[in-house]
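Each remark here refers to the structure printed beneath this line.
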Ligand SMILES: Nc1ncnc2c1ncn2[C@@H]1O[C@H](COP(=O)(O)OP(=O)(O)OP(=O)(O)O)[C@@H](O)[C@H]1O
């Protein structure tokens, strides 16, 4: 089974929010969607899941276009955290609705997860705290048995113990090899611990599609110190500067090959040291713009 997003575009208020987005996801993966505030992560989820009509492009599940085959929607699940149409309902009422919408809805799993987190079917969502609502959204998504789950900031508002627990549940779900989860999050440190792949959005497009294992092999974060404050041009050309403090600079090289190493050696740093590379470094390396640069210097 595969989910193919093909050249998806969406214009909102005269702004090209999504501009020809394409990617493919098989089963058994957790994929992160990262990007700066307002870049279009939620819009992407809403458009894939049919809440917004596409201006251009297709969403295909197993080669079938979802817009032509409404029953294919049961293969996707996105519970919009901002949608408040359920707020007056009880958990039992929502369960009834989702059972009707998702033929494979797993009542036993739903009950077991509710129980584990001390939620009861008579509770109304209106009375939930932000964290409880987020937790319930994840439980409901998991119980649909939809092969492709979309979670928008799923860890937002959850305490550290529940976050760890939830991430464990999500990892178990994909470990079966029967489903994939797409997570939009600003919590890059936690995201990095669970995702296999990260799609990076900028200006309505996917600017990087990282397979994290491969990226860890090829990229390097290096701290360099030079005699004077002048940053060698070659460093700026070959890498992304993520931090500057006096004569100390920290640079991310996405493809740290022998040629890059040789060119770096010609700049004669007085000190050079590798630092651990994180997803947050790649975020800063690719998504920092002019306005942020003074924060780095
Ligand atoms: N229904 C809407 N009406 C008007 N503008 C919208 C609507 N939905 C999204 N937008 C605009 O589209 C852009 C992308 O918003 P979106 O919520 O998708 O970004 P995001 O990447 O999820 O942001 P964040 O990280 O802050 O949650 C923003 O400029 C937003 O104002």
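Numbering (full-length UniProt numbering), first residue to last: 1 to 297. Glycine is no exception: its CB is placed at the ideal position from the N, C-alpha and C atoms.
Where the beta strand (DSSP E) containing residue i begins and where it ends
i	result
residue 130	Taken as a continuous stretch (DSSP letters only), residue 130 belongs to no beta strand (DSSP E), being part of the alpha helix (DSSP H) at 130 to 143.
residue 201	197 to 202
residue 187	Careful: residue 187 lies outside any beta strand (DSSP E) and carries neither H nor E.
residue 221	220 to 225
residue 32	30 to 34
residue 156	No beta strand (DSSP E) contains residue 156, which DSSP labels as neither H nor E.
residue 60	56 to 61
residue 76	76 to 78
Pick from the options that is closest to residue i, judged by C-alpha positions
i	options	result
residue 168	30, 7, 17	30
residue 256	238, 89, 183, 129	238
residue 267	229, 280, 281	229
residue 279	4, 193, 28	193
residue 70	182, 84, 48	48
residue 180	28, 162, 246, 120	28
residue 176	65, 272, 26	26
residue 19	39, 109, 250, 2	39
residue 62	55, 4, 15	4
residue 72	251, 147, 242	147
residue 157	143, 131, 135	131
residue 227	240, 234, 246, 212	246
residue 259	140, 135, 235, 120	235
residue 182	190, 198, 68	198
residue 216	109, 66, 274	274
residue 218	121, 59, 77, 276	276
residue 16	242, 272, 251, 201	201
residue 144	220, 79, 243, 66	79
Distance, residue j Cα to residue i Cα
i	j	result
residue 13	residue 203	15 angstroms
residue 24	residue 214	18 angstroms
residue 10	residue 57	9 angstroms
residue 253	residue 129	43 angstroms
residue 225	residue 46	46 angstroms
residue 81	residue 137	8 angstroms
residue 282	residue 96	43 angstroms
residue 41	residue 222	30 angstroms
residue 98	residue 263	58 angstroms
residue 106	residue 6	31 angstroms
residue 126	residue 233	57 angstroms
residue 297	residue 206	Per-residue confidence for residue 297 stands at a pLDDT of 49, beneath the threshold of 50, marking its modelled position as unreliable; the derived number appears in the next sentence. About 28 angstroms.
residue 152	residue 64	25 angstroms
residue 285	residue 22	22 angstroms
Secondary structure of residue i, DSSP reduced to three states
i	result
residue 51	coil
residue 42	helix
residue 117	coil
residue 261	helix
residue 148	strand
residue 210	strand
residue 254	coil
residue 122	coil
residue 6	strand
residue 66	coil
residue 297	Any reading at residue 297 is ruled out, since the residue's pLDDT is 49, under 50, leaving its predicted position unreliable.
residue 237	helix
residue 270	coil
residue 205	strand
residue 166	helix
residue 216	helix
Any non-hydrogen atom of ligand 1 closer than 6 angstroms to residue i Cβ
i	result
residue 187	no
residue 286	no
residue 43	yes
residue 37	yes
residue 176	no
residue 17	yes
residue 13	yes
residue 40	yes
Limits of the unbroken alpha helix (DSSP H) element including residue i
i	result
residue 24	Unbroken run through residue 24 is the beta strand (DSSP E), 15 to 25; no alpha helix (DSSP H).
residue 94	91 to 101
residue 283	279 to 287
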